[in-house]
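Q: One structure, as structure tokens, below. Some questions next.
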Amino acid sequence: MGLLGYPRSQRSSVMPGAEFIRVTARVRPSASRVPQERVLEVLDDKNLCFDPRNPRNFAFDAVFGEDVDQERIYDEVASRIIDGCISGYNGTIFAYGQTGSGKTHTMLGPHHVENFMLNPAQRGVIPRACEALFQKLCTLTAEKGENFKYEVWCKFVELYNEDFYDLLGNSQQKLAIRSDSTVVQILGVSEHSVHSSIDMMRILEVGWDARRTAETAMNRESSRSHAIFIVEIKTEELVNTIVNKRTAILNLVDLAGSERQTQAKTAGARFREATRINLSLTHLGRVIRTLAKANHGDTHVPYRDSKLTHILRDSLGGNSRTVVIVNLHPDKSYYTETLSTLQFSSNCRKIENKIHANEDLSGDTVMAYKAEIKRLREELGSIEGNVRAEMEDRLAAIQEEMEQWKQLAIDRERALVEAQLQRDLFAAQLPSGPSNEGERPQDEIMNELKSKLTERIASIRNYEELSRAQLENDLSNALRELDQMRVRFESAEAARKALNEKYKNVLEGVDETLASPLRRLNLNATPTTGRRKTGTFSSAAQKKKERRQTLFTPKNAADRASRAFRPVLFDDSTEENTAPQSQNLEQDEEMAEERKLLRLEMDNNRLSQILTEKESQIESLSQKQKEQAKIWLEENQLLRESESALKTELEQLGLENCGLREKLATEKRRNDVLSLNISNANNEKCQLKQQIDVLQSEKDDLEDKLQILANEQEKFVSDLRSLADLESSKRNLENELRALLQDNATIKVRNFDLEEKCKAQLDTIANLEVALTNTERSKEDGLSELKSRHAEELRFLQTEVESERAAHLETREMMRSKDDEIARLCRITQEQSSALREKNHEVTELEDQIDELKSMTIQKDVALRELEQKREEEISNLKRRHAEEVKDIQSQIDREQSAHNKTRQQFAEFRQSAQDTFERKMAELRETFSSKERRLTVDREDKEHQIMRLVAEKDSLLQENNEMKAHQTQLEEELENKKKENEILHAAKEQDDRAFMELVGHNNHRQKVSYIEKVRLENHHLKMRVAELEKEVIRLRVPVTRSRREHITSGRSTPRPQSSQENEL
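So that you can map any letter, position 444 of the sequence shown is 444 in the UniProt record's numbering, and since no number is skipped, the others follow by simple counting.
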């Protein structure tokens, strides 16, 4: 079964002069840079598998993979078409497929002549066809000289928006088409005569530059019209006297590709062009589906629905050899378009064209045909002579073989007589009485001799029977040939009798035609007229006799027709001139009867001429028949003599038994020797095959390893690139960290200064506490309550200072954790740099291993070639040494050769399967590599996110640093205020001391009360100041706690991608 259940036998069972459209497929490489899933798989050079998950096989006349070059495509597709065009057969080649599938590259390649010169391997079908056409025409001209002439004319049109335009003339004027029952013509198109392939390529370049193209989302330079390059070839050849004129039309078509608007993303004019293109391709598919039906002769084919199908009418189901190149896209994103193209190709393969050569024969054809018939007859006579000589040789060989059998029978009879004599001698030597015990050994010997003798007699009889059967078979064959000769003789005799009967019938018919007019004349005539008629008839008979004597002479043969009509004309004229009007009715009747006699005489002359020709033919046939009968009788006599000789010599054939047995024994020995040699050669061949298989497997393993190492090398290169990116990001982070460390150092210095200032403030506060305790001891019991409150306020201030110290310690811990984080990042970067150095070292080692494997592969290939060469030399030596002996066992060697070819085919299939497995493994490795690449991209994105997070943290730290700087300035200002308040408190204390001393010095009660009220008022102001300081501390503590919490959460979340990256590396 072929494509989609289409039987292959249907394509092979075509009528003479009929030919199916050839359909080839070409798969282009993937257009996507990112690896995609493929929907096409090339099974072999004639089959494709579509959608490997749900496989559907499509058969083609040829399948070209992604690595097939342009030259092979031309050889497979267009070479036969060009040869047919020179012989007068029309040809069409067109490429079909979706947009961007490589149709223009297949048909044209680079369309400038300079590009052909620079890169000739990329030339497409059209330039190669032009070059091959002129090369073949020039070769025929050189071979046949002036007897062969040719002309080549070119036309180039495009079908744009369902209108034809001339690409070599006025490209803006629309062209009309006209068709009749034989040909379709484009009116008004310009034709150009060309004399070389360069001229044709210049014309093609001019037309192709004028063709309409545009850029779409699927193709950078998409064809927006169907281009048809029409070449008309006229040849004129003179063969002897026949002038053979041939005309052929070659259509080279580059169809615009079908496209989906969602993928091509066309709009405006491009959208209208795509609509027209898809419409014309739809009509083309409808025509092809109609032609592909089994009863397409009974259905209407809609050629006129589109101008494309109208101009290609002869190419689709007409008089043309047509080849369709189907261009396919392997990617899954073009699933629907690829399936539609494959279904189109399956319908094309069912179309049958009725081809014939466009020839016009002229000249003196009758004489040429007669000369050709004469030559064929002479050739037939020579063949008959060769057959007769071959029969004579066969008869001589049979006679010689009979002589050999006769001698063999004589020898066998002699051996039989000798055996009988020995038997009689043994029988005479045997005793007649009963044997006693002492004579038992002799009896046993005699019994053994008798048994041997009987066995020998039985073998001789078997040989006699075999020889007799062989002779009877030969005799039956000879008798069969004799019967065939007798049948041929009888058929020839019957033909001769039939010719004789026909000759007699012709003579009787002539006599009757001559006698019937005479009888009518004798019955109707009067006595006077009868005598006159008798005289006239006698004179006519005498003239007839003379005419018969002179009818076939060379002198008068050319004028016999004119002489036959001359008496009638002369008699009529004389009668008209000399006949008087007074002539009576009797004379008129007499003249009419004479004219009838003249006409009868003319018919008689014509029949006599035919009769003489028939007589000559019959004489020649009878002469040939007699000669053939004589030959057959001689052959019959020879066969009878050979039959009698065979019968007499049949008994003598048994004498060759011994010689034949000896020959058989020698042949068996030679056969054993040869079989031993062949077995040794086969063993050596098997060993060589095993070595070749081992070397091939090693080679495949090495290739796999090389591919794996290449993939790993690519992976390492990508890892190196990612590591280089990470290194650059690490450098940036290090620079940022250095800046942060510098800022941190400045913050640490400032914090240390603040700590020193806080310690000094605490010392002053301690001094104040000591002074206050001294004042409290010296105060009276009435001031105890004020002292306790003042002490509580001081403790509250101390707690606030301690909380500020704790916050500062937390800030120091946070900075220390940042330092640890920075150190850890430094260690990670160092580890990555060390891992990078290790990877570089591994890459160098792998490159060394790759070089070693390449050298080993080269050595293996050299060893493999040497083994192949040695094997071929050994086989040639064996063939040379046993050339004469191998004749008898040639069949066995042929079987071994077929087995060897089968093994090679299996090896090729195994190699193909290994190649497929290798490609599948490569696809899996590509998939794993792509997954790893995706994972690395994800990791890279995570790293980028981490870097962004670190940058954000850096910004937050900078903000916190700025806030801390502002807080530091605020604390400094507060410290200055505290210093000022401390000075104020020192001054107040001194005043209190002085007042206290004054109070101690006198006993004024009212002055004491006023002082106490003053101290209370100052304590109230101090409480209010402490409350304001508490509010300020709380306000400053909130952003510090928020920044600490954010730092803690960021410190907990950041190590996770670091650890995953370390594990991945």
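Note that beta-carbon positions come from the ideal geometry of N, C-alpha and C, so glycine has one too.
Note that the structure is predicted; figures quoted are calculated from it, not measured.
Does DSSP put Val113 in a helix, in a strand, or in coil?
A: Residue placement at Val113 is flagged as unreliable, the pLDDT there being 48, under the threshold of 50; a coordinate-derived value is accordingly withheld.
Q: Is the region 171 to 178 touching the region 240 to 260 in the sense that three or more CB pairs, one from each, lie closer than 8 Å?
A: Judged by pairs of C-beta atoms under 8 Å, the region 240 to 260 does not touch the region 171 to 178, as fewer than three such pairs exist.
Q: Look at the alpha carbon of Ile86 and the alpha carbon of Ala25, and state the distance between them as a whole number of angstroms.
A: 26 Å
Q: When the distance is taken between beta carbons, is Leu168 closer than 9 Å to Lys155?
A: yes
Q: May I have the straight-line CA-CA distance separating Leu312 from Cys138, to the nearest angstrom?
A: 29 Å
Q: Ala18: which of Val487, Asn327, Asn319 sits nearest, CA to CA?
A: Asn319
Q: So, are the CB atoms of Arg123 and Pro110 less than 9 Å apart?
A: yes
Q: Restricting to Cα atoms, I'd like to know which of Leu159, Gln70, Ser30, Asp360 is closest to Gly88.
A: Asp360
Q: Per DSSP, what kind of secondary structure is Arg178 in: helix, strand or coil?
A: strand
Q: Using the DSSP secondary-structure output, state which residues sit across from Phe752 in a beta bridge.
A: Answer is none; Phe752 lacks a bridge partner.
Q: Does His300 come out as helix, strand or coil in the three-state DSSP assignment?
A: Under the three-state reduction of DSSP output, His300 falls in the coil class, being neither helix nor strand.
Q: Which first and last residues belong to the beta strand (DSSP E) in which Tyr160 is found?
A: 148 to 160
Q: Whose C-beta lies closer than 6 Å to the C-beta of Ile947 among residues of the same chain, with five residues either side of it excluded?
A: Hits under 6 Å: Ser729.
Q: To the nearest angstrom, report how far apart Leu600 and Glu378 are at their CA atoms.
A: Each residue's Cα considered, the two are about 41 Å apart.
Q: What residues in its chain sit with their C-beta under 8 Å from that of Ile288, if we drop five residues either side in the sequence?
A: Leu316, Phe344, Asn347, Cys348, Ile351
Q: In the DSSP assignment, find the beta strand (DSSP E) that holds Glu191 and state where it starts and stops.
A: Looking at the DSSP string, Glu191 is not in any beta strand (DSSP E), and its letter there is neither H nor E.
Q: Counting along the chain, where does the alpha helix (DSSP H) carrying His356 start and finish?
A: Neither: His356 is in no alpha helix (DSSP H) and is coded neither H nor E.
Q: Measuring alpha carbon to alpha carbon, tell me which of Ala681, His310, Lys1031 ends up nearest Val184.
A: His310
Q: Here's the rule: buried if 16 or more other CB atoms are within 10 angstroms of the residue's CB, otherwise exposed. What is Met964?
A: buried
Q: My understanding is that Leu308 touches Ser280, with C-beta atoms under 8 Å, so please give their C-beta distance in whole angstroms.
A: The C-beta separation of Leu308 from Ser280 comes to about 5 Å, placing the pair in contact by the 8 Å criterion.
Q: With a Cβ-Cβ cutoff of 9 Å, do Ile82 and Leu133 count as a contact?
A: yes
Q: Are the beta-carbon atoms belonging to Ile277 and Met107 less than 9 Å from one another?
A: no
Q: Start and end of the beta strand (DSSP E) containing Arg22?
A: 22 to 27
Q: Can you tell me which of the three DSSP states Lys245 falls into?
A: Three-state DSSP puts Lys245 in a strand.
Q: Thinking just about the alpha-carbon of each residue, which of Glu76, Ala966, Val717, Ala95 is nearest to the one in Ile747?
A: Answer by Cα proximity: Ala966.
Q: Where does Gly257 land, buried or exposed, given buried means 16+ other C-beta within 10 angstroms?
A: buried
Q: Look up Val324 in the DSSP assignment and give the residues it is bridged to.
A: Bridge partners of Val324 according to DSSP: Val23, Phe94.
Q: Per DSSP, which one or two residues make a beta bridge with His226?
A: Here His226 is bridged, per DSSP, to Leu159.
Q: Would Ile228 pass as a contact of Asp314 if the rule is Cβ separation under 9 Å?
A: For Ile228 and Asp314, no; Cβs fall outside 9 Å.
Q: In or out: Leu664 buried (at least 16 other Cβ within 10 Å) or exposed?
A: exposed
Q: How would you call Leu40, buried or exposed, if buried means at least 16 neighbouring beta carbons within 10 angstroms?
A: So Leu40 ends up on the buried side.
Q: Buried or exposed for Thr235, please, with buried defined as at least 16 other CB atoms from any protein chain shown within 10 angstroms of its CB.
A: Buried is the call here.
Q: Chain C beta carbons: is any one of them nearer than 9 Å to that of Glu41?
A: Any reference to chain C falls outside this structure, which holds one protein chain only.
Q: Let me make sure I understand the geometry here. Which of Arg38, Lys332, Thr104 has the alpha-carbon closest to that of Trp208?
A: Nearest option by C-alpha distance: Thr104.
Q: Closer than 7 Å by C-beta to Tyr335: which residues in its own chain qualify, once you throw out the five before and the five after it? Chain order, please.
A: Val39
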